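Asks: Submitted below is the structure of interest, expressed as structure tokens.
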Amino acid sequence: MKDTRRTRVVVGSLLATALLLITLDHRSGDSPVLGPIRGVAAGAFGAAERAAASVTEPVGSFFQALAGASSAQRKIAELSAENGRLRGELTAQRLDRQRSAQLNGMLGLAGRGGYRIVPAQVIARRSAPGFEDAVEIDAGARDGIRAEMTVLNADGLVGRVVRAEQHTATVVLLSDPASSAGARLEGGNELGVVNGLGQNGSAGRFLRFRLLDSSAPLTVGHRIVSFGSMRDTPYVAGVPVGVIERVEATPGELTRTAYARPFADLTSLDVVGVVVKAPTRAPRDSVLPGGRPDPKPLKPVPSV
1 MKDTRRTRVV
11 VGSLLATALL
21 LITLDHRSGD
31 SPVLGPIRGV
41 AAGAFGAAER
51 AAASVTEPVG
61 SFFQALAGAS
71 SAQRKIAELS
81 AENGRLRGEL
91 TAQRLDRQRS
101 AQLNGMLGLA
111 GRGGYRIVPA
121 QVIARRSAPG
131 FEDAVEIDAG
141 ARDGIRAEMT
151 VLNADGLVGR
161 VVRAEQHTAT
171 VVLLSDPASS
181 AGARLEGGNE
191 LGVVNGLGQN
201 GSAGRFLRFR
211 LLDSSAPLTV
221 GHRIVSFGSM
231 RDTPYVAGVP
241 VGVIERVEAT
251 PGELTRTAYA
261 RPFADLTSLD
271 VVGVVVKAPT
281 RAPRDSVLPG
291 GRPDPKPLKP
301 VPSV
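So that you can map any letter, position 243 of the sequence shown is 243 in the UniProt record's numbering, and since no number is skipped, the others follow by simple counting.
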């Protein structure tokens, strides 16, 4: 604003008016003459104050919002981190409960069969020379594990150890095409051989079972257990293997062929046990789960 004579006059008039109003307000009290004048002046100045406030209040709120934005972002980040941590803890607890249940089930199976086992956890899929279905476990020679030992889980036979390092071991799964194990039909002495099918067996979901006596009865729903190897190497006897889901018609053949779904889910392994000492007496069928399974196939068995 330019310092002109007119400006000085306006400013002086405003100051004089303000002083006059202050003096009148101080001296008049509730005077019936000066009260209305004071009310008019207060209304005029109050309106001006409200107008100024209506202009400045949104600006002030905007700057307050800006000031609180960084704090809000920090709070959101803290809450997000806390939620992530809690989700991680819940996942870990859920996994711990699942693994605990698997371990308890496996210890129960080992107890019924009289097997002494070393528990381990599958830590990776591994390729081994001459094999396509193998895993690595977090137990090894320091735990008493050596090659050609039986591996099982809470549900049944998993495979065998083919190599043992100091702290880890490689296990070839029963589903590997190069795997074979002696097996026996539940409730009898009919013997056969179980072979892995690899990718032809829906990636570990089916096994081939060849019954040595072609005249022996073999039907859908029959369960099979491991027959065992000489000196229990590489397989101990009595471990549940699987359930027959399809029987092939093989007229004139010396053997009968069937396809079984393994009890152990060989496509999803976590807690396993390595049998470091076999029972002194074969458990026969005592380790099989109670009750006969549904004799109808759950899914079509692939043609192999």
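We put the CB at the ideal spot given by N, CA and C, even for glycine. This one's a predicted model, so the numbers in the text were calculated from it and none came from an experiment.
Determine the direct distance from the alpha carbon of Asp133 to that of Arg205, and round the result to whole angstroms.
Replies: As a position in the sequence shown, residue 205 is number 205, starting the count at 1. As a position in the sequence shown, residue 133 is number 133, starting the count at 1. Roughly 12 Å between the two C-alpha positions.
Asks: Return the residue from the list Met149, His167, Leu79, Ile137 that minimises the CA-CA distance to Ser229.
Replies: Numbered from its first residue, the sequence shown carries residue 229 at position 229. Residue Met149 is the option with its Cα nearest to Ser229.
Asks: Within a Cβ cutoff of 8 Å, which residues of the same chain sit near Asp176, ignoring the five residues on either side of it in sequence?
Replies: Residue mapping note: residue 176 aligns to position 176 of the sequence shown, counting from 1. Answer for Asp176: Phe131, Glu132, Asp133, Ala134, Gly159, Gly196, Gly198, listed in chain order.
Asks: If I measure Cβ to Cβ from Ser214 and keep anything under 8 Å in the same chain, skipping five residues before and after, which residues do I get?
Replies: For the purposes of this step, residue 214 is taken as the residue at position 214 of the sequence shown. Around Ser214: Thr250, Glu253, Leu254, Thr255, Arg256.
Asks: For the candidate residues Pro119, Arg97, Ala81, whose alpha-carbon lies nearest to that of Lys277?
Replies: Counting from 1 along the sequence shown, the entry for residue 277 is found at position 277. That would be Pro119, whose Cα lies nearest to the Cα of Lys277.
Asks: How far does the beta strand (DSSP E) with Gln121 in it extend, from its first residue to its last?
Replies: Residue 121 sits at position 121 when you count from the first residue of the sequence shown. Looking at the DSSP string, the run of the beta strand (DSSP E) that includes Gln121 is 116-128.
Asks: Between Ser179, Thr267, Ala258, which lies nearest to Tyr235 when the distance is taken from Cα to Cα?
Replies: Start at 1 with the first residue of the sequence shown, and residue 235 comes out as number 235. Considering only alpha carbons, the answer is Ser179.
Asks: First and last residue of the beta strand (DSSP E) that includes Ser180?
Replies: Translated into the one-based positions of the sequence shown, residue 180 becomes position 180. Note, Ser180: beta strand (DSSP E), 180-185.
Asks: Please report the straight-line C-alpha distance between Arg163 and Gly221, rounded to a whole angstrom.
Replies: The residue you call residue 163 lines up with position 163 of the sequence shown. The residue you call residue 221 lines up with position 221 of the sequence shown. Distance between the alpha carbons of Arg163 and Gly221: 35 Å.
Asks: Please confirm if the region 136-153 is in contact with the region 184-193, defined as three or more CB-CB distances below 8 Å between the two stretches.
Replies: No: the two stretches stay apart, fewer than three of their Cβ pairs being nearer than 8 Å.
Asks: Using the three-state DSSP reduction, which class does residue 307 fall into: helix, strand or coil?
Replies: No answer is possible for residue 307: it lies beyond the span of the chain, which begins at 1 and ends at 304.
Asks: Starting from the C-beta of Leu288, find all residues in its chain whose C-beta is less than 7 Å away, skip the five residues before and the five after it, and write them out in chain order.
Replies: As a first step, residue 288 is located in the sequence shown; it is residue number 288 there, counting from the start. Only Glu186, Arg223, Val225, Pro240 meet the Cβ criterion.
Asks: On a CA-only basis, which of Arg231, Gly238, Ala183 is nearest Leu212? Give me that one, please.
Replies: As a working mapping, residue 212 is identified with position 212 in the sequence shown. Ranking the options by Cα distance to Leu212, first place goes to Ala183.
Asks: With a 10 Å radius around its C-beta and 16 neighbouring C-beta atoms as the bar for buried, classify Pro283 as buried or exposed.
Replies: As a working note, residue 283 is residue 283 in the sequence shown. Result: buried.
Asks: Under 8 Å by Cβ, that's how I've got Ile244 and Ala260 pegged, so tell me the actual separation to the nearest angstrom.
Replies: Position 244 of the sequence shown holds residue 244. Position 260 of the sequence shown holds residue 260. About 5 Å separates the two Cβ atoms, so the contact holds.
Asks: Quick one, are the C-beta atoms of Val274 and Val122 less than 8 Å apart?
Replies: Position 274 of the sequence shown, counting from 1, holds the residue named residue 274. Position 122 of the sequence shown, counting from 1, holds the residue named residue 122. Cβ distance not < 8 Å, so Val274 and Val122 don't count as in contact.
Asks: Does the beta-carbon of Asp96 have 16 or more other beta-carbons within 10 angstroms, so that it is buried, or is it exposed?
Replies: Taking the sequence shown and counting its residues from 1, the one referred to as residue 96 is at position 96. It is exposed - the Cβ of Asp96 has fewer than 16 other Cβ atoms within 10 Å.
Asks: Pick helix, strand or coil for Glu78, following the three-state DSSP scheme.
Replies: Walking along the sequence shown from the start, residue 78 turns up at place 78. Helix, per DSSP.
Asks: Pick helix, strand or coil for Arg163, following the three-state DSSP scheme.
Replies: Residue numbering aside, residue 163 sits at position 163 when the sequence shown is read from its first letter. Correct three-state label for Arg163: strand.
Asks: Measure the CB-CB distance between Pro262 and Gly156 and report whether it falls below 8 Å.
Replies: Walking along the sequence shown from the start, residue 262 turns up at place 262. Walking along the sequence shown from the start, residue 156 turns up at place 156. Taking 8 Å as the Cβ cut-off, Pro262 and Gly156 qualify as a contacting pair.
Asks: Taking the beta carbon of Ala44 as the centre, do at least 16 other beta carbons fall within 10 Å, making it buried, or is it exposed?
Replies: Here residue 44 corresponds to residue number 44 of the sequence shown, with the count starting at 1. Note that Ala44 scores a pLDDT of 49, beneath 50, so its modelled location is shaky and nothing firm can be said.
Asks: Spell out the partners DSSP gives Ser226 in its beta bridges.
Replies: By 1-based counting over the sequence shown, the position of residue 226 is 226. Ala183.
Asks: Once the 5 residues before and after Leu173 are set aside, which same chain residues still bring their CB inside 6 Å of it?
Replies: Position 173 of the sequence shown, counting from 1, holds the residue named residue 173. Asp133, Gly159, Leu266.
Asks: Return the bridge partner residues of Tyr259 from the DSSP annotation.
Replies: Here the question's residue 259 lines up with position 259 in the sequence shown. Answer is Arg208, Arg246.
Asks: Cα-Cα, which of Gln102, Arg126, Val194, Glu248 is closest to Arg161?
Replies: Residue numbering aside, residue 161 sits at position 161 when the sequence shown is read from its first letter. Here the sequence assigns Val to residue 161, which means Arg is not the residue at that position. Comparing Cα-Cα distances from Val161 to each of Gln102, Arg126, Val194, Glu248, the minimum goes to Arg126.
Asks: Within 10 angstroms of the Cβ of Glu136, are there 16 or more other Cβ atoms? Answer buried if so, exposed if not.
Replies: Position 136 of the sequence shown, counting from 1, holds the residue named residue 136. Answer is buried; the Cβ neighbour count reaches 16.
Asks: Just list the residues that DSSP pairs Thr170 with in beta bridges.
Replies: Reading the sequence shown from its first residue, position 170 is the one you call residue 170. Note: Thr170 sits in a beta bridge opposite Glu136, Arg163.
Asks: Where does Asn189 fall in DSSP's three states?
Replies: Within the sequence shown, the letter at position 189 stands for residue 189. Asn189: coil per DSSP, three-state reduction.
Asks: Got a sec? Which residues, its chain only, sit under 6 Å from Gly140 by beta carbon, not counting five neighbours each side?
Replies: Reading the sequence shown from its first residue, position 140 is the one you call residue 140. These residues qualify, in order along the chain: Ala164, Glu165, Gln166, His167, Thr168, Ala169.
Asks: Please identify the residue among Arg208, Val247, Gly111, Arg281 whose C-alpha is closest to the C-alpha of Asn153.
Replies: Here residue 153 refers to the residue found at position 153 when the sequence shown is read from its first residue. Considering only alpha carbons, the answer is Gly111.
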